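See structure below.
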Amino acid sequence: MKAEGGQSELKLFLKQLHFDYEFPAKSEPSWKSHVDRWYQLDAPAYGLVQAYSIWKDQLPILPAMILLASPGASNKTDRQFAKSGGISPAKFAHTLPNIRCSPLCQVMDWSGPVLSFHRDPHTLVLALREAFELLSPELPSIWVLAGGRKGAEYRVDGFVISQDSSNSAAYSISKRAPFSALS
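Numbering-wise (my numbering), the sequence shown opens with residue 36 and increments by one.
As structure tokens, then:
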């Protein structure tokens, strides 16, 4: 399809998913055998894996890239680590923001690029914008995952941005101006 000025218009598809959860977990997760020391995960890392375990049947293909929108980065976990005396190397790894995706990648049996965004209050918008800009034949499907608190519960929002309509639903967006279609 040709857009104004003779440029090709790329159709993009968006699927949005939500998962609300309580933390700490009240029971062992179904994916516990895939993640060593799953019980040491912080709330956002646990939520990403638990959300994927619920959503996986709705996600027919794995992403070419994951963008993690983590508004507070790992600040809360960093503070907890520092208050504990900061002596456990096993717990230190969980204070790195992009490491939150490691358990998710283990459960998905996936390896690929993960970018982490931390710029409140615009973290999610920046990650979505970056996903739209990165989408290409080399990166045909990008997941944007965002976690945070929603009252007393936690929440994970997932966005699948794809060039393939079978992997997404709900919105068809022109790459020329993707955010005007969402307003």
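We treat Cβ as the ideally placed atom computed from N, Cα and C, and that holds for glycine. Note that the structure is a prediction, hence the values are computed from the model and not measured.
Element boundaries [beta strand (DSSP E), containing residue i]
{"i": "arginine 190", "result": "188-197"}
Residue(s) in a DSSP beta bridge with residue i
{"i": "phenylalanine 54", "result": "Val191"}
{"i": "valine 149", "result": "Ile101"}
{"i": "arginine 184", "result": "Tyr189"}
Bounding residues of the alpha helix (DSSP H) (the contiguous stretch that carries residue i)
{"i": "arginine 164", "result": "158-169"}
{"i": "valine 84", "result": "78-90"}
{"i": "proline 138", "result": "136-143"}
Whole-number beta carbon distance between residue j and residue i, since they are thought to touch under 8 Å
{"i": "proline 79", "j": "arginine 154", "result": "The pair is not a contact, with the Cβ atoms about 16 Å apart (cut-off 8 Å)."}
{"i": "leucine 102", "j": "phenylalanine 152", "result": "6 Å"}
{"i": "leucine 174", "j": "glycine 193", "result": "That pair is no contact at about 17 Å."}
{"i": "valine 142", "j": "histidine 69", "result": "5 Å"}
Coarse secondary structure for residue i, derived from DSSP in three states
{"i": "valine 179", "result": "strand"}
{"i": "isoleucine 101", "result": "strand"}
{"i": "serine 68", "result": "helix"}
Cβ-based burial, residue i [other Cβ within 10 Å; buried from 16]
{"i": "tyrosine 74", "result": "exposed"}
{"i": "aspartate 77", "result": "buried"}
{"i": "serine 105", "result": "buried"}
{"i": "glutamine 93", "result": "exposed"}
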